[in-house]
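For the sequence shown, the numbering used here assigns the number 525 to the initial residue and increments by one for each residue that follows. Glycine included, every Cβ here is placed at the ideal spot set by N, Cα and C.
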Amino acid sequence: MVSEETVLEAIKQIIDPEIGINIVDMGLIYGVDINDTTVDITMTLTSPGCPAGGQIVNGTQHVTQQMEGVDEVNVNVVWTPRWTAELMTEDAKDELGIF
Numbered sequence: 525m526v527s528e529e530t531v532l533e534a535i536k537q538i539i540d541p542e543i544g545i546n547i548v549d550m551g552l553i554y555g556v557d558i559n560d561t562t563v564d565i566t567m568t569l570t571s572p573g574c575p576a577g578g579q580i581v582n583g584t585q586h587v588t589q590q591m592e593g594v595d596e597v598n599v600n601v602v603w604t605p606r607w608t609a610e611l612m613t614e615d616a617k618d619e620l621g622i623f
C-alpha cells in the first residue's frame with residue numbers, strides 16, 4: 525500500500541518549469557489522502573493564470589497513477605489558501621535566494 529510519504533517522494537520529480545523547483549518543495553501540495561488504492565491530492569498553483577498549470581497537474585496525476593498499488597488518482601486544484609513563497613521549504617527558499 526502506498527503512503528503519503530511515498531506519494532510525495534514520487535511527485536517531487538514534477539518540477540515547476542518556470543521556477544525550476546519541485547512542486548513539493550514549492551509548497552504546492554496541500555494534502556495527500558489515501559483510501560485503499562485511491563489517492564486524492566489537493567494542490568494549488570502559484571497563480572490561477574499559471575501557464576504551466578496543466579503540465580504540472582497532468583504530471584502529478586501521471587506520476588502518481590504509475591505507482592504500484594494505485595488504481596485511481598484524483599487531483600483537486602484549490603485556490604484557498606492562496607500560494608505564497610512562505611509555503612516553500614527552507615531549501616527551496618535558499619535555492620531561490622529568498623530570505
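D557 is bridged by DSSP to D564. Under DSSP, V548 shares a beta bridge with no residue.
Distance from the CA atom of M591 to the CA atom of L620, rounded to whole angstroms, is 30 Å.
The continuous beta strand (DSSP E) containing E596 extends over residues 596-601.
Boundaries for A609: no alpha helix (DSSP H) harbours it, and the DSSP string shows neither H nor E there. Straight-line measurement puts the Cα of D564 at about 16 Å from the Cα of K536. Cβ-Cβ distances below 6 Å link T562 to E596 in the same chain, with the five nearest sequence neighbours on each side left out; the list follows chain order. Counting of Cβ neighbours within 10 angstroms places I547 among the buried residues, the total reaching 16 or more. Bridge partners of I535 according to DSSP: none are assigned.
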